[in-house]
DNA sequence: ACCTGAACACCGTTCAAGT
DNA sequence: ACCTGAACACCGTTCAAGT
């Protein structure tokens, strides 16, 4: 007499995603997720291999979310406007959901190995603007430079590394403007 | 009959530093550190408040190390040469000791709250070159932009986020050149 | 004044037994 | 075919008892 599944990977990942948002990576425990889903911890192992696997799935979800966010920010402006809008959208996300942002952009000991395909997902819209901004030949380098800067800035901002004061909104603008100017292909 | 201390904070932090290097943040356990130091885990609590405290001290050590490293890289070249040399020195460190680098530049759930003074320590040599490069008025913004980019690039490189291939050495050069050009004060 | 063993709470994970 | 309780290993941390 087979027992019908009382949950599913989808529901487990969704629960994990929401636990992560409000308890952080450290609070993302199998026990908490199980109780959120209405099941006992051992049952989760019928649907995911282990905690690392669950974390990987949750991070992949966040990557998809990030891609949507960035794609939506790139409107019909020129390349520089779109790049600026995407940078601001990413900062908004980092502020709105710091745990999700950190899970994606800092290699917590927990996240262990993240599928590199996950990054490719989120990187698509960035590559597209980078190509328009820097030209096809430098699209990859330009995309990496901008992404590295934004990820680094926001990670450090969230970590409280920018303690020397000054207006961080302005500092972020300063950075994005400097990068756009530097990467822009000769007209 | 008071018992003479069989260890010290210094020795504990040094042990923690070396355990971190070869086992990562996740392998940095009180048990491992205790055994490295020749003592039982409960004894550590006579010298550090708890694991978070130990992690904080280890990270502060890494920050000092990083400052030395950066200061040594800034030779007698002009501002652009020094900035380049410092960026390369940081990358060398990230490759040589990835766990130490990650402990400093990614807010592991473990690191919890890092003293912001720790960042100030490591930032000093960067601020100094930034002032020479971008002028005193923009020193802080320029230092933040360069640091954010380098931290982001190296974190992503270590995480395997740059899977799309291409020469990463060249990509790093591309980034630092672009940033130097963008931040350089009008001559 | 520091060290220790014993103990506790909490975690991930396995597994035999239920349905 | 999935769920469960019981169990195990491992972790951080506390504390009374040793010296």
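Protein chains in written order, with the UniProt record's numbering: chain A, 1 to 187; chain B, 1 to 187.
Cβ atoms here follow ideal geometry from the backbone N, Cα and C, with glycine treated the same way.
Take residue i as the anchor and find which of the options has the nearest alpha-carbon.
i: residue 39 (chain B); options: B:76, B:132, B:27 and B:9; result: B:9
i: residue 116 (chain B); options: A:161, A:27 and A:170; result: A:161
i: residue 174 (chain A); options: B:88, B:34, B:141 and B:137; result: B:141
i: residue 82 (chain B); options: B:94, B:96, B:129 and B:15; result: B:129
i: residue 136 (chain A); options: A:3, A:185 and A:65; result: A:185
i: residue 68 (chain B); options: B:93, B:132 and B:18; result: B:93
i: residue 4 (chain B); options: B:65, B:21 and B:43; result: B:43
i: residue 49 (chain B); options: B:71, B:13 and B:36; result: B:13
i: residue 168 (chain A); options: A:91, A:133 and A:132; result: A:91
i: residue 158 (chain A); options: A:88, A:182, A:181 and A:98; result: A:98
i: residue 172 (chain B); options: B:143, B:119, B:134 and B:88; result: B:88
i: residue 6 (chain A); options: A:20, A:131 and A:36; result: A:36
i: residue 165 (chain A); options: B:131, B:178 and B:120; result: B:120
i: residue 30 (chain B); options: B:75, B:71 and B:45; result: B:45
i: residue 47 (chain A); options: A:96, A:11, A:143 and A:178; result: A:11
i: residue 78 (chain B); options: B:170, B:34, B:65 and B:133; result: B:133
i: residue 107 (chain A); options: A:170, A:25, A:34 and A:182; result: A:25
i: residue 163 (chain A); options: B:183, B:118, B:178 and B:71; result: B:118
i: residue 33 (chain A); options: A:178, A:66, A:16 and A:76; result: A:16
i: residue 22 (chain B); options: B:65, B:96, B:75 and B:84; result: B:96
i: residue 80 (chain B); options: B:20, B:27, B:131 and B:41; result: B:131
i: residue 74 (chain A); options: A:85, A:66 and A:179; result: A:85
i: residue 144 (chain A); options: B:139, B:138, B:178 and B:143; result: B:178
Does the beta carbon of residue i sit closer than 8 Å to a beta carbon anywhere in chain B?
i: residue 101 (chain A); result: no
i: residue 163 (chain A); result: yes
i: residue 4 (chain A); result: no
i: residue 109 (chain A); result: Unreliable placement is indicated for residue 109 (chain A), whose pLDDT of 49 sits below 50; the coordinate value is still reported in the next sentence. Cβ-Cβ to chain B under 8 Å: yes for residue 109 (chain A).
i: residue 30 (chain A); result: no
i: residue 66 (chain A); result: no
i: residue 187 (chain A); result: Note that residue 187 (chain A) has pLDDT 48, beneath the 50 cutoff, so the model's placement of it is unreliable and no number is given.
i: residue 16 (chain A); result: no
i: residue 131 (chain A); result: no
i: residue 116 (chain A); result: yes
i: residue 97 (chain A); result: no
i: residue 159 (chain A); result: yes
i: residue 183 (chain A); result: yes
i: residue 93 (chain A); result: no
i: residue 106 (chain A); result: yes
What residue range does the alpha helix (DSSP H) around residue i cover?
i: residue 28 (chain A); result: No alpha helix (DSSP H) holds residue 28 (chain A); DSSP gives it neither H nor E.
i: residue 154 (chain A); result: 139 to 159
i: residue 121 (chain A); result: 116 to 134
i: residue 178 (chain A); result: 168 to 183
i: residue 7 (chain B); result: No alpha helix (DSSP H) holds residue 7 (chain B); DSSP gives it neither H nor E.
i: residue 90 (chain B); result: 79 to 96
i: residue 65 (chain B); result: 51 to 73
i: residue 106 (chain B); result: Taken as a continuous stretch (DSSP letters only), residue 106 (chain B) belongs to no alpha helix (DSSP H), as it is neither H nor E.
i: residue 164 (chain A); result: Taken as a continuous stretch (DSSP letters only), residue 164 (chain A) belongs to no alpha helix (DSSP H), as it is neither H nor E.
Of all the CB atoms in chain A, is at least one closer than 8 Å to the CB of residue i?
i: residue 90 (chain B); result: no
i: residue 175 (chain B); result: yes
i: residue 21 (chain B); result: no
i: residue 135 (chain B); result: no
i: residue 178 (chain B); result: yes
i: residue 156 (chain B); result: yes
i: residue 44 (chain B); result: no
i: residue 75 (chain B); result: no
i: residue 38 (chain B); result: no
i: residue 54 (chain B); result: no
i: residue 61 (chain B); result: no
i: residue 145 (chain B); result: yes
i: residue 8 (chain B); result: no
i: residue 141 (chain B); result: yes
i: residue 207 (chain B); result: Absent from the model: residue 207 (chain B). The displayed extent of chain B is 1 to 187, so no value can be given.
i: residue 79 (chain B); result: no
i: residue 72 (chain B); result: no
i: residue 120 (chain B); result: yes
Compute every distance between the C-beta of residue i and the non-hydrogen atoms of the ligand PLP, then say whether any falls below 7 Å.
i: residue 31 (chain A); result: With respect to the ligand PLP, the structure offers nothing, as it holds no ligand at all.
Are there three or more Cβ pairs, one per stretch, closer than 8 Å when the segment 56 to 63 of chain B is compared with the segment 97 to 105 of chain B?
Short answer: they touch.
Between the segment 47 to 55 of chain B and the segment 123 to 131 of chain B, do three or more beta carbon pairs fall short of 8 Å?
The segment 47 to 55 of chain B vs the segment 123 to 131 of chain B: no contact.
Per the contact definition of three or more C-beta pairs closer than 8 Å, is the segment 147 to 157 of chain A in contact with the segment 150 to 161 of chain B?
Output reads yes: the segment 147 to 157 of chain A touches the segment 150 to 161 of chain B.
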